[in-house]
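J.:
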Amino acid sequence: MADIEEILKRIQSHSGVEGAIIATSEGIIMRSTLEEQITVQYVALIQPLLMKTKKTLQDMDSEDELTHLRLRTEKNELIIAADKDYFMVGIHKPSP
Amino acid sequence: MLVFHLKFVFGCWDNVFPRFALSPSSCLSVLVPGGYTVNPSVMEITHVYAKLRSEFGRQCLFSDRPEEVMVDIHPEPSLASQFILKTRKDQGLQACRDMSEHQVNTERFESNSCGMNHVEGGWPKDINPNDVEQTIRFRKKVEKEENYINSLQHLGSVMEHCIKQNNAIDIYQQYFEEDEELEESSELPSAKTINILRDPNEVKRTITGLSWHPDGGRKLAAAYCNLGFQKNPKDMSLDSYIWEIENPSCPEMTLKPESPLVCLDYNPKDPHTLVGGSYNGQIAYWDTRRGSQPVEYSSLEHSHRDPVYKIIWLQSKTGTEAFSASTDGQVLWWDVRKLSEPTERLVLDPGREGNLDRALGAISLEFEPTMPTKFMVGTEQGLVVSCNRKAKTAAEKIVCTYDGHHGPIYALQRNPFFPKNFLTVGDWTARIWSEDIKESSIMWTKYQMSYLMDACWSPVRPSVFFTVKMEGVLDIWDILFKQSDPTLSVKVSDKALYSLRVQDNGQLVACGSQNGEATLLEICSGLSTLQKNEKSLAAA
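In order, the protein sequence lines correspond to chains B and C. Heads up: the first sequence begins at 75 in this note's numbering, then just goes up one per residue. Heads up: the second sequence begins at 523 in this note's numbering, then just goes up one per residue.
#1: What whole-angstrom Cβ distance do Arg811/C and His824/C have, given they're in contact under 8 angstroms?
#2: Grab the span of the beta strand (DSSP E) containing Phe584/C for me, first residue to last.
#3: Under 9 angstroms, CB to CB, which of the residues in the region 122-141 of chain B have a partner in chain C?
#4: Please return the same chain residues whose Cβ sits closer than 7 angstroms to the Cβ of Ile78/B, not counting the five positions on each side in sequence.
#5: How big is the Cα-Cα spacing for Met965/C and Glu148/B?
#6: Can a CB atom of chain B be found closer than 8 angstroms to the CB of Phe897/C?
#7: If the criterion is Cβ atoms closer than 8 angstroms, does the pair Val990/C and Lys1013/C meet it?
#8: Less than 6 angstroms between C-beta atoms, sequence neighbours within five positions excluded: which residues of the same chain meet that for Met523/C?
#9: Let me know the secondary structure DSSP gives Val591/C once reduced to three states.
#10: Among the candidates Ala952/C, Ser956/C, Arg983/C, Leu905/C, whose CA atom is the shortest distance from the CA of Met975/C?
#11: Can you confirm whether Gly93/B, when its beta carbon is compared against all beta carbons of chain C, has any partner nearer than 8 angstroms?
#12: How would you label Gln935/C, buried or exposed, when you count the other beta carbons within 10 angstroms and need 16 or more for buried?
#13: Give the single residue among Cys772/C, Glu993/C, Gln1029/C whose Cα lies nearest to the Cα of Trp979/C.
#14: For Leu854/C, collect the residues of the same chain with a Cβ closer than 6 angstroms to its Cβ; drop the 5 residues on either side in sequence, then sort them by chain order.
#15: Looking at chain B, is there any beta carbon in it that lies within less than 8 angstroms of the beta carbon of Ser708/C?
#16: Determine, for Ile671/C, whether the minimum Cβ-Cβ distance to residues of chain B falls below 8 angstroms.
#17: His166/B: buried (16+ other C-beta within 10 angstroms of its C-beta) or exposed?
#18: Kindly list the residues whose CB is nearer than 7 angstroms to the CB of Cys1074/C, restricted to its own chain and excluding five residues on each side of it in sequence; keep chain order.
#19: Taking any Cβ of chain C, which residues in the region 143-168 of chain B have a Cβ under 8 angstroms from it, in chain order?
#20: What does the alpha-carbon distance come out to for the pair Asn789/C and Val858/C?
#21: Taking buried to mean at least 16 other C-beta atoms within 10 Å of its own C-beta, is Pro816/C buried or exposed?
#22: Comparing alpha-carbon positions, which option in Ala155/B, Val117/B, Gln115/B lies nearest Glu139/B?
#23: Excluding five sequence neighbours on each side, which residues of the same chain lie with their C-beta closer than 8 angstroms to the C-beta of Glu151/B?
#24: Please name the residue in Tyr973/C, Tyr932/C, Lys662/C, Phe988/C whose C-alpha comes closest to that of Glu1044/C.
#25: Taking Glu682/C as the query, report the chain B residues whose CB atoms sit under 8 angstroms from its CB, ordered along the chain.
#26: Would Lys96/B pass as an interface residue toward chain C - the criterion being a Cβ-Cβ separation below 8 angstroms?
#27: Hey, out of Val797/C, Glu902/C, Glu682/C, whose CA is closest to Glu80/B's CA?
#28: Give the range of the beta strand (DSSP E) segment to which Met162/B is assigned.
#29: Should Lys129/B be labelled buried (16 or more other beta-carbon atoms within 10 Å of its own) or exposed?
#30: State the beta-bridge partners of Gly799/C as determined by DSSP.
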C-alpha cells in the first residue's frame, strides 16, 4: 500500500507531470491523481486502444511484447506503461 | 533369299525389321541387287533389301557413305497462286493472363455522428459499481496481491524513465528546416469528383444558382428551380438547400421560399445572411440563424415581373445592399432592411430613355468590389451594358454597350486580378473583353459543340477560367497555356450543367446540373496554385 503511494508520489514529483492513473487491464480504476470524470474518460478510451495495440504487436511477432506506448500530442504527452494485468497512464507536459 | 522392303513414305518410318535407325546418309553394307525405286505417283520410296538366309543372326556392320539425294521435289509456283500473302503484323506476346482495369464506385453510404457516454466498466459481475463499499473492498483485495505491487513497481520505473527523457530533451524537435518546395508541376491537369449532392426530392429540379459560404467555403447554398416555361409539376417542392460539403447525405438547412429560387448569394460580410431571387420576381432575405422561412420578402408590386435571374450583394457601409436583374428589363437596388420597395431602379433601355417597353432583358450581373460605382449587365439580346451607378439621370447611367454574342449572355465576370478584363459566356463561345476596347472582344474561344451555360474565373490563378456546357462537360481554360482548346475537359454528368461556382481557395468547383445534382470537383494543384510569373504574363 505504501509502496504504491510512493510510486505515485515519485512520478508526480517530476516537473511537468499533470496526472497519473493506475488501472487494471479490464478498465477498473485503482488509483488516480485526477478527478473521477476525467479519469473515467481516459481509462474508457485508452483501455481499448491498449488492447488493440497489444493484439497488433502479437500478430506481427508473437514473441514481442508491448513495453510502453507514447502518444505525443500538441499539448502534452501520454505515456502508457502496460503490463499483463495492469496499466499505468501518465500525462506529461514537457517544457519546450 | 528373302527380300525385305523398307518403305519410306515421306519421312514416316515403317519398320518391319528390328529397330535400328536408318537415315538416308547411312545404309547397310549389304546391298544386294535390288536398288531402290521411286514411285512418283504415290510418292513412295521403296528400298529393297535382300539378305542371305545363312547370314541371319550376324551382327550388323554399319558403315558411312556419302549422301545421296533420294528425292528432290521442287516448289511448284502454280501452287503458290492458291495462297494469299498476308500483311505482316507485329504482335507482342506476354506469358501472363489477360487483365482489364475496372473502376468501381461504392454505394453512397449514410453516416451519422453520435456521441458516446463513458461509464466506468470492467467490474466483475458480482460487484455493483455504484456501491462504494463493494468497490473499495474490491480495490483493497486487488492491492493486497503480490503481483500487483511487483508489476506496478516495474511500470512505475518505465514511466519515470520516459518522463525523465522528456524533460531532458525534446525528442520530437525538428532538426532541419524543410526546404521550400520549388517544383514546377509538370503533371497532367486533372480534376477529380469528390462528392455529388443530390436533390433529396422525388421530382428533380435544375440547380440554377450556387453560392459558396464566404467564410472558408465549407457550405454551399444551391437554388433549385425548374426553368422550363410553365413546366412545374404539381408536387414539385419549392425548397432550396444549404449543404455542408462533408455531409452529402442530407442538406444542412432548407430554405423555404414561396416560389422557387432562381439565384442566391451569401453576404460576403455576414456569413449568416443570404439573399435570393425567385421565379415570380420577388426578392427574399434569409438569416440562417433564424430558420428556414425568409425573414423578409419584397412586395409583389414593386418587384420584378419576370424571374430574377441574378442577385448580388453590394459593398456598402451598412453591408445590407443588394441588386438584382431580371428579364423584365429592370435592375433594381434593394436595402434588405426594407424590402418593400427598391431603393433604386434602372431600366435597361438602349435608347436611354427609360422606356420599359423597349428594355432589354437582363440575365447576368457583374459587380466588382474594387469598383463600386460601375457595374455591368449581360442581356438576353447579347449585349453587355456597362453602367455607372452614380449617374444622376437615367440617361447617363448607361455608359456603353459591348455587342458580341448571338444569344443571351449567361455569365459575366470580371477577372479578379485584372478588373479591366471581363469574361462573358453566351451562345456557343466564351469571350474575354477589355473595358477600353468597345468594338469586339480581345479573345474568344472557337464555337463549341454545345451551349455554354455558365463561367467563372479562378480566384487563385489569373489566367484560368471554367465553363460549363449543355452536354454536361466542365471545361477548364488556361489562356497562357493553350488558347484554342480547353486545357482540361471533364465530363461531369450526362445531364446539362447549368451553374458553376469556384470556391475561394480555387481548388473546389461546384457545378449544378439539370437533375438537381451538384457535383464537387477537386482541381489538381497545377491548376489551382499560382505559378510564379503568371500574373505578369497574364498582364501582357
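Cβ coordinates follow ideal geometry from the N, Cα and C atoms, glycine included.
T.: Quick look at the numbers:
#1: Arg811/C to His824/C, Cβ: 27 angstroms. No contact.
#2: 584-586
#3: Thr141
#4: Arg105
#5: 52 angstroms
#6: no
#7: no
#8: No answer about Met523/C holds up, because its pLDDT of 43 lies below 50 and its placement is not dependable.
#9: coil
#10: Ala952/C
#11: no
#12: buried
#13: Gln1029/C
#14: Ser846, Pro864, Arg867
#15: Note that Ser708/C scores a pLDDT of 47, beneath 50, so its modelled location is shaky and nothing firm can be said.
#16: yes
#17: buried
#18: The requested residue 1074/C does not occur in the structure, where chain C is confined to residues 523 to 1062.
#19: Arg144, Arg146, Glu151, Ile153, Ala155, Ala156, Asp157, Lys158, Asp159, Tyr160, Phe161, Met162, Gly164, His166, Pro168
#20: 11 angstroms
#21: buried
#22: Ala155/B
#23: Arg144, Leu145, Ile165, His166, Lys167, Pro168
#24: Phe988/C
#25: Arg84, Ile85, His88
#26: Per the sequence presented here, residue 96/B reads as Ile, with Lys not at that position. Yes, its Cβ sits closer than 8 angstroms to a Cβ of chain C.
#27: Glu682/C
#28: 160-166
#29: exposed
#30: Cys785/C, Ile805/C
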